[in-house]
Amino acid sequence: MKKKSLVCFALISMVSANSFALELYKARVVSHKEWTTGEIKAVFQDVKNTHLSNQISKSHTDSSSFVASIAMPAKGTAGKLSELTGEHYVYVRNDTGSTQEYDYIFSICTVPGEHVSQCAYYDDTIQIDAGGYAISTMDPALQVVFKEAGTYPVFVEADLNANNTAGSVSMSSSTVDITK
Numbered sequence: 008m009k010k011k012s013l014v015c016f017a018l019i020s021m022v023s024a025n026s027f028a029l030e031l032y033k034a035r036v037v038s039h040k041e042w043t044t045g046e047i048k049a050v051f052q053d054v055k056n057t058h059l060s061n062q063i064s065k066s067h068t069d070s071s072s073f074v075a076s077i078a079m080p081a082k083g084t085a086g087k088l089s090e091l092t093g094e095h096y097v098y099v100r101n102d103t104g105s106t107q108e109y110d111y112i113f114s115i116c117t118v119p120g121e122h123v124s125q126c127a128y129y130d131d132t133i134q135i136d137a138g139g140y141a142i143s144t145m146d147p148a149l150q151v152v153f154k155e156a157g158t159y160p161v162f163v164e165a166d167l168n169a170n171n172t173a174g175s176v177s178m179s180s181s182t183v184d185i186t187k
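Plus 7 on top of the position in the sequence shown (first one is 1) and you've got the working numbering.
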């Protein structure tokens, strides 16, 4: 019952008007990195309430971790800046009796040409004390110029790993339609 109460409290807090994009309880960020590949601009926006977080709050079960991601379809014009967006969500609760370290990576990528990949990455390492939790909700935006008209793939991914071991992954794909 205590676990369900904690999960409900965390999810209600996440979708309320006063919630934060990164919510930590008995936890702290140990390291943070952001980087891109290629000549692109990326923005990772902290968000309080997103379509994805609303969907998760309605279907989330009593688990100790959960990751989700969604890629949004986009349109643009060849030779002009196009913005590709997605949503990421990570929830992790430490049910062990000791402090644990977790790493989550959010990414958004596209392939604007043959053998060319443009990606942006957001990586946090957090320590969570026994009984603590972390919730992160992020909207990435990738700004890229497509040289030619066509339909190009967009990929978003959220990875969560505990103590340097493989964990949970959520992947989503969509397309960007570029006109002349």
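Where is the CB? At the ideal position from N, CA and C, for every residue including glycine. Keep in mind that this is a model prediction, so the values were computed, not measured.
Collapsed DSSP secondary structure at residue i in the structure displayed
i	result
Glu90	strand
Ser71	coil
Ala28	coil
Phe153	coil
Ser38	strand
Asp102	coil
Thr44	coil
Glu121	coil
Proximity to residue i [Cα-Cα], best of the options
i	options	result
Arg100	Ile185, Ser72, Pro80, Thr182	Ser72
Leu88	Glu46, Asn171, Val74	Glu46
Lys187	Gly157, Asn168, Asp166, Val163	Gly157
Thr132	Gln107, Val152, Pro119, Ile115	Gln107
Leu31	Leu167, Phe113, Phe162, Ser143	Ser143
Ser177	Ile112, Glu155, Lys154, Gly120	Ile112
Heavy atom of the ligand GTP within 6 Å of residue i beta-carbon
i	result
Gly138	Absent from the structure shown: the ligand GTP. Ligands present: none.
Straight-line Cα distance separating residue j from residue i
i	j	result
Asp146	Ser105	31 Å
Ala24	Thr182	Only weak support exists for where Ala24 lies, its pLDDT of 31 falling under 50; the value from the coordinates is given anyway. Distance between the alpha carbons of Ala24 and Thr182: 31 Å.
Tyr159	Lys33	42 Å
Lys82	Asp110	33 Å
Assess, as a yes-or-no matter, whether the stretch 88 to 104 is touched by the stretch 135 to 147 under the definition of 3 or more beta carbon pairs within less than 8 Å.
yes
Pairs of beta-carbons, one from the stretch 118 to 126 and one from the stretch 72 to 83, closer than 8 Å: are there three or more?
no
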